[in-house]
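Residue numbers (full-length UniProt numbering): 1 to 499.
The next block holds one structure in the form of structure tokens; read it before the comments.
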């Protein structure tokens, strides 16, 4: 650059100027790139495109769009395919659908619709806005489609909640790569269909497609939800230990979460300790892991360690802290952290944080204070808040506050059987059998049925799911025989069920 300046090439040579703009933009030094760009006496389409693309790639969408507009209006240059792809990226970041549609019309009227990269960029932009029909229109109009076109369209359907259409398009793909598989696995995982996510992952392995980072990040939450610890361990050994996939921070966080939710806190702690780089999500994963297992001392210790790293805790961190305090009945600590969250870190508590405080106070017998918290929230207490209070009333047998909480919950969801069941338990604890009978009649009149309980367990690498009162399972007779045996042993140990 210094030599080019000395010999006067920057201002006079478009080629040299373009090379310098590209160099600085490619290395993230956009201020220097812009300085060189502004010093150029002549600019061609490459000059403008490099600047637009540089801003768009760094998330500076407004700057990218301003340069693009200046190019078209004052620069006297017609944008090419690469310019328009960068402009569409900026539009997607800005969230301005109307501008995107204008560019779409420009592409169609300018005869640029035959460009695969431009069509892909349009599909991706419409995906960001959730415009399924517009994306499909572009997709169907493509004479030639590549694997990215198909994958992006699958992603569009998945984002819009049309999982069947996404799956059908995935099956119709003439060729799939690891990104395509990862996209569909993520769609199932995010749509709360963990069984399908795991099934597709296993099919991917059977077809000898090597998973990538995104694949594992998508399938591990499904493993966690199903309790497939053996599969999670196999993934770690096969792809991380072997070095086939690099353990990034995000992937490490996914493994920690999976181990913790599957009950292997030792493995989660080991991996956390071995991670060379951690972010707030890493710490939150460990905080939540110990909180869920009621290990409040470890949670409080982790929080003190976190503060020493310089990483700023977020709302999830405090949710874990308050949850841990609730599990262990640490009222004074819970109050302190709730205050620290607001005053020390300027984090406005959400409904979930208030629900934790209600749960903490309620479980500790401070039902009046818990009720005041629920009533004084800046937002509706919702099912989580009133549900926590109702459960606390069940624990302490408080009929009056329990009825108040139940009334709020019934207004939110009259079909929720759990409300009626908890109130029946509260009435039963006080021998109010007439009210129990009345509630059961009310459930029958309203057509409210208790949802069957569901649990899953992994045996020999296969996840088995069980539903209460299920008679369709192929091993139903064996299952109920085993349950009967367990129940006999429980009775011998003095166990008495609540209902």
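Beta carbons: idealized from backbone N, C-alpha and C, even for Gly.
Should residue i go down as buried or exposed, given a rule of 16 or more other Cβ atoms within 10 Å for buried?
{"i": "residue 317", "result": "buried"}
{"i": "residue 225", "result": "buried"}
{"i": "residue 27", "result": "exposed"}
{"i": "residue 235", "result": "buried"}
{"i": "residue 102", "result": "exposed"}
{"i": "residue 419", "result": "buried"}
{"i": "residue 49", "result": "buried"}
{"i": "residue 334", "result": "buried"}
{"i": "residue 246", "result": "exposed"}
{"i": "residue 143", "result": "exposed"}
{"i": "residue 378", "result": "exposed"}
{"i": "residue 86", "result": "buried"}
{"i": "residue 397", "result": "exposed"}
{"i": "residue 327", "result": "buried"}
{"i": "residue 486", "result": "exposed"}
{"i": "residue 151", "result": "buried"}
{"i": "residue 83", "result": "buried"}
{"i": "residue 232", "result": "buried"}
{"i": "residue 423", "result": "buried"}
{"i": "residue 415", "result": "exposed"}
{"i": "residue 130", "result": "exposed"}
Cα separation between residue i and residue j?
{"i": "residue 440", "j": "residue 494", "result": "28 angstroms"}
{"i": "residue 77", "j": "residue 42", "result": "11 angstroms"}
{"i": "residue 120", "j": "residue 44", "result": "25 angstroms"}
{"i": "residue 109", "j": "residue 115", "result": "13 angstroms"}
{"i": "residue 37", "j": "residue 355", "result": "54 angstroms"}
{"i": "residue 208", "j": "residue 216", "result": "15 angstroms"}
{"i": "residue 320", "j": "residue 174", "result": "46 angstroms"}
{"i": "residue 73", "j": "residue 133", "result": "31 angstroms"}
{"i": "residue 500", "j": "residue 407", "result": "This structure does not reach residue 500, given that the chain is present from 1 up to 499, and the question cannot be answered."}
{"i": "residue 90", "j": "residue 106", "result": "16 angstroms"}
{"i": "residue 383", "j": "residue 227", "result": "26 angstroms"}
{"i": "residue 413", "j": "residue 358", "result": "20 angstroms"}
{"i": "residue 172", "j": "residue 192", "result": "23 angstroms"}
{"i": "residue 304", "j": "residue 337", "result": "12 angstroms"}
{"i": "residue 47", "j": "residue 18", "result": "5 angstroms"}
{"i": "residue 307", "j": "residue 283", "result": "11 angstroms"}
{"i": "residue 436", "j": "residue 380", "result": "28 angstroms"}
{"i": "residue 6", "j": "residue 22", "result": "In this prediction, residue 6 has a pLDDT of 47, which is less than 50 and means its spatial position is unreliable; what the coordinates show is noted afterwards. About 20 angstroms."}
Just to confirm, is the Cβ distance from residue i to residue j under 7 angstroms?
{"i": "residue 389", "j": "residue 370", "result": "yes"}
{"i": "residue 180", "j": "residue 214", "result": "no"}
{"i": "residue 125", "j": "residue 92", "result": "yes"}
{"i": "residue 156", "j": "residue 135", "result": "yes"}
{"i": "residue 364", "j": "residue 329", "result": "yes"}
{"i": "residue 25", "j": "residue 59", "result": "no"}
{"i": "residue 429", "j": "residue 448", "result": "no"}
{"i": "residue 324", "j": "residue 291", "result": "yes"}
{"i": "residue 260", "j": "residue 289", "result": "yes"}
{"i": "residue 280", "j": "residue 299", "result": "no"}
{"i": "residue 466", "j": "residue 455", "result": "yes"}
{"i": "residue 297", "j": "residue 347", "result": "no"}
{"i": "residue 277", "j": "residue 249", "result": "yes"}
{"i": "residue 138", "j": "residue 122", "result": "yes"}
{"i": "residue 252", "j": "residue 275", "result": "yes"}
Excluding the 5 residues preceding and the 5 following residue i in the sequence, name in chain order all residues of the same chain whose CB lies nearer than 8 angstroms to its CB.
{"i": "residue 366", "result": "331"}
{"i": "residue 210", "result": "178, 244"}
{"i": "residue 489", "result": "none"}
{"i": "residue 165", "result": "157"}
For the alpha helix (DSSP H) that residue i lies in, which residues bound it at each end?
{"i": "residue 199", "result": "194-206"}
{"i": "residue 248", "result": "Neither: residue 248 is in no alpha helix (DSSP H) and is coded neither H nor E."}
{"i": "residue 359", "result": "351-363"}
{"i": "residue 71", "result": "61-73"}
{"i": "residue 500", "result": "There is simply no residue 500 to check, as the chain begins at 1 and stops at 499 in what is shown."}
{"i": "residue 220", "result": "213-226"}
{"i": "residue 93", "result": "81-94"}
{"i": "residue 425", "result": "417-429"}
{"i": "residue 376", "result": "367-376"}
{"i": "residue 404", "result": "399-412"}
{"i": "residue 486", "result": "476-492"}
{"i": "residue 332", "result": "331-343"}
For residue i, I'd like the list of residues in its chain whose CB is within less than 6 angstroms of its CB, leaving aside the five on either flank, ordered along the chain.
{"i": "residue 204", "result": "181"}
{"i": "residue 401", "result": "367, 371, 393"}
{"i": "residue 491", "result": "none"}
{"i": "residue 218", "result": "182, 185, 186, 189"}
{"i": "residue 63", "result": "55"}
{"i": "residue 271", "result": "255, 256"}
{"i": "residue 258", "result": "220, 223, 224, 232"}
{"i": "residue 170", "result": "154, 184"}
Which residues in the same chain have their Cβ closer than 7 angstroms to the Cβ of residue i, if we skip the five residues on either side of it in sequence?
{"i": "residue 1", "result": "Low per-residue confidence applies at residue 1: pLDDT is 48, beneath 50, and the placement is therefore not dependable, though the value from the model is reported in the following sentence. Result list for residue 1: 20, in chain order."}
{"i": "residue 410", "result": "419"}
Are there any heavy atoms of the ligand ZN lying less than 6 angstroms away from the beta-carbon of residue i, as far as the coordinates show?
{"i": "residue 444", "result": "Although the ligand ZN was asked about, the structure shown includes no ligands whatsoever."}
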